[in-house]
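Novice: Before I ask anything, here is the structure I am working with.
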Amino acid sequence: MIHFNYWLRSSVATQPRFALLLALGSILLCTVVQPRALAEPVGEIVDPEPLIEAVRERPADARIAERIRNIYQQIEALADVGVDVREGVVMLSGTVANDKQAQRALALAIRLEGVVTVDDAIDRTMDLQGNVLPLLDQFKSDLQSYSRAIPLLLVALLSFFCIAFAGHILAKWSSLWQRVAPNHFLAQLMAQAVRVITLLFGFVFALNLVGATALMGTILGGAGVLGIAIGFAVRDSMENYISSIMLSLRQPFRANDHVIIDQHEGKVIRLTSRATILMTLDGNHLRIPNSTVFKGVILNFSSNPERRFDFELGVDADDDPIAAMKTGLDAIRELEFVLGEPGPNAIITTVGDSNIVIRFMGWVNQSQSDFGRTRSLAIRAAIAALAEQGFTLPEPIYRLRFDQPLAANRLEGELQSSEPARADAAPRPSPPSMSDEHDDTILNVAPDTHLEEKVNTERFASSEQDLLDQNRPVE
0 MIHFNYWLRS SVATQPRFAL LLALGSILLC TVVQPRALAE PVGEIVDPEP
50 LIEAVRERPA DARIAERIRN IYQQIEALAD VGVDVREGVV MLSGTVANDK
100 QAQRALALAI RLEGVVTVDD AIDRTMDLQG NVLPLLDQFK SDLQSYSRAI
150 PLLLVALLSF FCIAFAGHIL AKWSSLWQRV APNHFLAQLM AQAVRVITLL
200 FGFVFALNLV GATALMGTIL GGAGVLGIAI GFAVRDSMEN YISSIMLSLR
250 QPFRANDHVI IDQHEGKVIR LTSRATILMT LDGNHLRIPN STVFKGVILN
300 FSSNPERRFD FELGVDADDD PIAAMKTGLD AIRELEFVLG EPGPNAIITT
350 VGDSNIVIRF MGWVNQSQSD FGRTRSLAIR AAIAALAEQG FTLPEPIYRL
400 RFDQPLAANR LEGELQSSEP ARADAAPRPS PPSMSDEHDD TILNVAPDTH
450 LEEKVNTERF ASSEQDLLDQ NRPVE
C-alpha cells in the first residue's frame, strides 16, 4: 500500500496529463454514482419542520399548560376552554360559541414554543347568547368610536367643501383663463382641470385628516383601473378630443379658406371641439371629425393667392411643336389676368400616334381672378391663336386594314354611292364665334363671392363655438 501511494504521488507529480485524466475520471465517477439524484426534478425549497425532542421534561408540559390557560383567561370567549399537555401535545377541551373562536384557540396554542401538535376536542355550542351578544357589544363599541370621531369627520367634510368651493371659484374666473389660454376652448379645458384637481386634493386631504389612508389607496387604485377601462372604451372620442386641442393650437387654416381634406373639398366654416365644418362647392355642409383632419392631408388653395393653371393641346405631328408653343404662349401673355412674373410656360409632354401633346401653364392671382374662368379663357385664346396660324388640332385617326380584297371593294363602292347624297346635303352651319358677340358673364373673370358670402352668413348666424382665431398665426 505504501508503494502504491508512493507510485501514485510520483506519477501525478511527473505526469500532468495523468493528473488531468484522473480528475476527469473522478468527475465521471460522481456522475455515474448519482444518476438518480441528477435525474430527479428539483422541487420547491421548503423550510424543514422543527425536530421533536427525544426526551421530554414534565415541568415543561406544566409550564405550557399554565401559559395557555393564562392566555385563554384574558379572552372572554375562550375562558371555558380546558388545556392538558402531555409530551408536548396540547389537548383542548371545553366549549366555545362558534367555530371561529375554536380556530382562534388552536392558533394561539400552536404558537407556543415546545408545542408538538394540538388536539382539538372543543365543543362548538352555537348558542344564541354566545354569538349574538359579542356582535352587539362590537356594534356598541363601534358606535362609541364613531361618536368620538364625529368632530373630526365634521372638520374633514368642512375642509373638503372649502377646498372644492375655492376650486370652483377659481375655475369660474374666466378672465384669468382667457388671458392664460390661447383660445376659448383651451380656457374652458384649463378651468375644468383646475376644478377636478381641487376636488381630488380636497378628497385626499379629508381622508388623510381622518386617517383613512388605506381606504384612499384602495380608491385611487380602483380609480386607476376604472380610468384605464374607460380610456379603452372611449379611445376614439379621446383621440378626437385631443386632436381638437392640437388643431386649436396649430391653426392649420382660416375661416373661408378653400381646402381639400382627405379628398373632401370645400370652404372652411368653423372649427369646433368635435369636427371641422366645411361648405362644399355645391353649397352643402360637410362635417369632418377632427381626428381625421389632424391625421389627414390638407391642401389649402387660399394660403397663397398665386395659383398656376395648366391645360394640354395637341398639334399635328407634321407641325413644328416649338412654333406652336410660341404661338400659344404669346396668346396667353396677352390676357390681362395672367401674371407676368412668374410668366407662362409650355412643355411637350407626349408624342401620340397622330399628334404632339403640349402642356401650357400660367399663373393667376386668385384674390383678383376666378381660377376656373381664367383657365377656360386661356384655353380659348391658345386654340384660337393656333388655328389662326394654321396649326392643325387633329382628331384621333384610326387606320383600317382589310385582308380580303372583296370586302375592300365592296366598301369602296358604298363610299362612291354615298358621295352624291353627301354633295346634295345642305352645308352644316358654323358655330358662332365669341369675337362676333361678347358675353360679359362669360368673359368676366372676377372672383365668385357667392360661396364666401354664404360662409360668412353661416358663421354669423350660428352661435356654435369656433376655435379658429384670426389674430393668431397660421401653421
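In numbering that gives the first Met the number 0, the protein residues as written are 0 to 474.
Each residue gets a CB set at the ideal place from its N, CA and C atoms; glycine is no exception.
Computed from a predicted structure; not experimentally measured.
Just verifying my parser: in three-state terms, what is the DSSP assignment at Val479?
Specialist: The first residue shown for the chain is 0 and the last is 474, placing residue 479 beyond what the model contains.
Novice: What are the boundary residues of the beta strand (DSSP E) that includes Gly93?
Specialist: Here residue 93 is taken as the residue at index 94 of the sequence shown, counted from 1. Unbroken beta strand (DSSP E) run through Gly93: 88 to 95.
Novice: List the whole-angstrom C-beta distance separating Ala96 from Thr124, where the pair is believed to meet the contact cut-off of C-beta under 8 angstroms.
Specialist: Position 97 of the sequence shown, counted from the first residue, corresponds to residue 96. Position 125 of the sequence shown, counted from the first residue, corresponds to residue 124. About 6 angstroms; that satisfies the 8 angstroms criterion.
Novice: Can you give the beta carbon distance from Asn299 to Leu338, rounded, assuming they're within the 8 angstroms contact cut?
Specialist: Taking the first residue of the sequence shown as 1, we reach residue 299 at position 300. Taking the first residue of the sequence shown as 1, we reach residue 338 at position 339. Incorrect: roughly 20 angstroms between the Cβ atoms, too far for contact.
Novice: So Pro288 is in the beta strand (DSSP E); what residue range does that whole segment cover?
Specialist: As a working note, residue 288 is residue 289 in the sequence shown. Start and end: 284 to 288.
Novice: Between the C-alpha atoms of Tyr240 and Asp447, what's the straight-line distance to the nearest angstrom?
Specialist: Numbered from 1 along the sequence shown, position 241 holds the residue referred to as residue 240. Numbered from 1 along the sequence shown, position 448 holds the residue referred to as residue 447. About 35 angstroms.
Novice: Check the C-beta distance from Ser368 over to Val258 and give it rounded, since I have them as a contact under 8 angstroms.
Specialist: Taking the first residue of the sequence shown as 1, we reach residue 368 at position 369. Taking the first residue of the sequence shown as 1, we reach residue 258 at position 259. Contact flag wrong, Cβ pair sits at about 20 angstroms.
Novice: Under the assumption that Ile260 contacts Val292 (Cβ atoms under 8 angstroms), give the Cβ distance between them as a whole number of angstroms.
Specialist: By one-based count along the sequence shown, residue 260 stands at place 261. By one-based count along the sequence shown, residue 292 stands at place 293. Their Cβ separation, rounded to whole angstroms, is 6 angstroms, which keeps Ile260 and Val292 in contact under 8 angstroms.
Novice: Within its chain, find whatever has a CB closer than 6 angstroms to the CB of Ser290; leave out the 5 residues flanking it on each side and keep chain order.
Specialist: Numbered from its first residue, the sequence shown carries residue 290 at position 291. Counting only Cβ-Cβ distances below 6 angstroms, and skipping sequence neighbours, we find Glu238, Asn239, Ser242.
Novice: Quick check: what's the CA-CA separation for Arg471 versus Glu463?
Specialist: Here residue 471 is taken as the residue at index 472 of the sequence shown, counted from 1. Here residue 463 is taken as the residue at index 464 of the sequence shown, counted from 1. Whole-angstrom Cα-Cα distance: 20 angstroms.
Novice: May I ask you to report which of helix, strand or coil DSSP gives Trp362?
Specialist: Position 363 of the sequence shown holds residue 362. If DSSP states are grouped into helix, strand and coil, Trp362 belongs with the strands.
Novice: Measuring only the C-alpha atoms, how far is Ala316 from Ile346?
Specialist: In the sequence shown, the residue the question calls residue 316 occupies position 317. In the sequence shown, the residue the question calls residue 346 occupies position 347. Approximately 15 angstroms, taken between the alpha carbons.
Novice: Could you pull the start and end residues of the beta strand (DSSP E) that Gly351 belongs to?
Specialist: Looking up residue 351 in the sequence shown gives position 352. Neither: Gly351 is in no beta strand (DSSP E) and is coded neither H nor E.
Novice: Once the 5 residues before and after Asp126 are set aside, which same chain residues still bring their CB inside 6 angstroms of it?
Specialist: Stepping through the sequence shown from its first residue, residue 126 is reached at position 127. Correct list: empty, nothing qualifies.
Novice: Exposed or buried, Ala377, counting other C-beta atoms within 10 Å across all chains shown (16 or more means buried)?
Specialist: Along the sequence shown, one-based indexing puts residue 377 at 378. With 16 or more Cβ atoms within 10 Å of its Cβ, Ala377 is classed as buried.
Novice: Under DSSP, the alpha helix (DSSP H) around Asn455 begins and ends at which residues?
Specialist: Translated into the one-based positions of the sequence shown, residue 455 becomes position 456. Run containing Asn455: 449 to 460, per the alpha helix (DSSP H) assignment.
Novice: What beta strand (DSSP E) runs, 3 residues minimum, are completely inside the region 111 to 146?
Specialist: List check, beta strand (DSSP E) in window: 116 to 119.
Novice: Using a Cβ-Cβ cut-off of 8 angstroms (strictly less than) and excluding sequence neighbours within five positions of Asp119, which residues of its own chain qualify?
Specialist: Here residue 119 is taken as the residue at index 120 of the sequence shown, counted from 1. These residues qualify, in order along the chain: Leu91, Ala101, Leu105.
Novice: Please list the terminal residues of the continuous beta strand (DSSP E) segment that includes Gly265.
Specialist: Position 266 of the sequence shown, counting from 1, holds the residue named residue 265. Residues 263 to 270.
Novice: Going straight from the alpha carbon of Asp352 to that of His449, what length do you get?
Specialist: By 1-based counting over the sequence shown, the position of residue 352 is 353. By 1-based counting over the sequence shown, the position of residue 449 is 450. Near 44 angstroms, if we compare the C-alpha coordinates of His449 and Asp352.
Novice: Anyone know if the C-beta pair for Tyr71 and Val80 falls short of 7 angstroms?
Specialist: Within the sequence shown, numbered from 1, the residue matching residue 71 stands at position 72. Within the sequence shown, numbered from 1, the residue matching residue 80 stands at position 81. Contact: yes.
Novice: Quick test of the definition: if touching needs 3 or more C-beta pairs under 8 angstroms, does the region 155 to 172 touch the region 222 to 230?
Specialist: At 8 angstroms Cβ cutoff, the stretches do not touch.
Novice: Measuring only the C-alpha atoms, how far is Asn354 from Thr373?
Specialist: Looking up residue 354 in the sequence shown gives position 355. Looking up residue 373 in the sequence shown gives position 374. Taking the straight line joining both Cα atoms gives about 26 angstroms.
Novice: Taking only three categories from DSSP, how would you classify Leu280?
Specialist: Position 281 of the sequence shown, counted from the first residue, corresponds to residue 280. Leu280 falls in the coil class under three-state DSSP.
Novice: May I ask you to list the residues that DSSP assigns as paired with Asp481?
Specialist: With the chain represented from 0 up to 474, any question about residue 481 goes unanswered, as that position is not in the structure.
Novice: When the distance is taken between beta carbons, is Arg307 closer than 7 angstroms to Arg360?
Specialist: Mapped onto the sequence shown, residue 360 falls at position 361. Mapped onto the sequence shown, residue 307 falls at position 308. Correcting the residue identity first, residue 360 is Met in this sequence and not Arg. In contact: Met360 and Arg307 (Cβ atoms closer than 7 angstroms).
Novice: On the DSSP bridge assignment, give the partners of Ala274 in chain order.
Specialist: Reading the sequence shown from its first residue, position 275 is the one you call residue 274. According to DSSP, Ala274 bridges with Pro288.
Novice: Taking Asp235 as the reference, which of Gly221, Arg273, Val209 has the closest Cα?
Specialist: For the purposes of this step, residue 235 is identified with residue 236 of the sequence shown, where counting begins at 1. Ranking the options by Cα distance to Asp235, first place goes to Arg273.
Novice: How many whole angstroms separate the CB atoms of Ala381 and Ile331, which I take to be in contact at a CB cut-off of 8 angstroms?
Specialist: In the sequence shown, the residue the question calls residue 381 occupies position 382. In the sequence shown, the residue the question calls residue 331 occupies position 332. At roughly 6 angstroms, the Cβ-Cβ gap stays under 8 angstroms, so Ala381 and Ile331 are in contact.
Novice: Would you identify the three-state DSSP class for Ala165, choosing helix, strand or coil?
Specialist: On the sequence shown, residue 165 is found 166 positions in, with the first residue counted as 1. Ala165: helix per DSSP, three-state reduction.
Novice: Would DSSP call Ala148 helix, strand or coil?
Specialist: Against the sequence shown, residue 148 aligns to sequence position 149. Reduced to three states, the DSSP call for Ala148 is helix.
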